[in-house]
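In UniProt numbering, the protein residues as written are 1 to 156. The C-beta atom is built at its ideal place from N, Cα and C for all residues, glycine as well. Report on the following structure.
And the structure:
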């Protein structure tokens with residue numbers, strides 16, 4: 001079953017990188033095969049791939065601060081100061097950012113694809129974001145897989 005885990009890891013990364021490629025559909029298909037591997041193992045591997053796939057979006061958020069358009073926006077009266085205050089607040093209250101990342105990873109509010117870019121712009125810890133995403137996505141994907149396997153058990 002190593003191919004199941006490797007495929008899940010790869011599809012998780014692809015799903016995170018390419019908008020519109022839903023990992024939930026993959027998990028639905030894989031749900032019929034998880035008996036041999038386990039729901040939590042597959043959920044963790046999927047979340048690991050998905051979190052790895054989101055890191056380029058985090059980096060994009062970080063790098064975007066150097067773009068001429070973004071620098072012009074930050075030079076506008078009040079904008080740069082508000083941004084600096086928000087970054088300082090996030091550094092002082094890192095737990096709130098990580099909690100928001102977990103929430104976003106589990107329920108999708110705020111949307112993870114947006115929040116990961118903002119996390120990069122706010123200079124949140126990349127390791128903290130990765131761990132929070134992996135935790136949240138593991139919970140989300142385990143719930144999806146668990147629901148699917150439960151539904152399959154009802155039919156069998």
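In whole angstroms, give me the CA-to-CA distance for residue i and residue j.
i, j, result
"residue 62", "residue 130", "15 Å"
"residue 120", "residue 58", "5 Å"
"residue 143", "residue 70", "39 Å"
"residue 105", "residue 155", "30 Å"
"residue 146", "residue 111", "23 Å"
"residue 15", "residue 84", "33 Å"
"residue 96", "residue 124", "11 Å"
"residue 92", "residue 81", "16 Å"
"residue 141", "residue 60", "25 Å"
"residue 7", "residue 136", "20 Å"
"residue 36", "residue 30", "11 Å"
"residue 64", "residue 43", "32 Å"
"residue 56", "residue 132", "16 Å"
"residue 122", "residue 90", "7 Å"
"residue 116", "residue 150", "32 Å"
"residue 3", "residue 74", "47 Å"
"residue 101", "residue 28", "24 Å"
Use the C-beta contact count for residue i: other C-beta atoms within 10 angstroms, 16 or more gives buried, fewer gives exposed.
i, result
"residue 1", "exposed"
"residue 86", "exposed"
"residue 54", "buried"
"residue 72", "exposed"
"residue 88", "exposed"
"residue 152", "exposed"
"residue 67", "exposed"
"residue 26", "buried"
"residue 79", "exposed"
"residue 109", "exposed"
"residue 189", "Outside the shown range of the chain, which is 1 to 156, sits residue 189, and nothing can be said about it."
"residue 33", "exposed"
"residue 45", "buried"
"residue 169", "Beyond the ends of the chain as shown, which are 1 and 156, falls residue 169; an answer cannot be given."
Helix, strand or coil: how does DSSP classify residue i here?
i, result
"residue 62", "helix"
"residue 38", "coil"
"residue 49", "helix"
"residue 12", "helix"
"residue 19", "coil"
### Message
Which runs of the alpha helix (DSSP H) at least 4 residues long sit entirely within the stretch 66-147? Give them in chain order.
### Response
68-75, 79-92, 94-107 and 112-121
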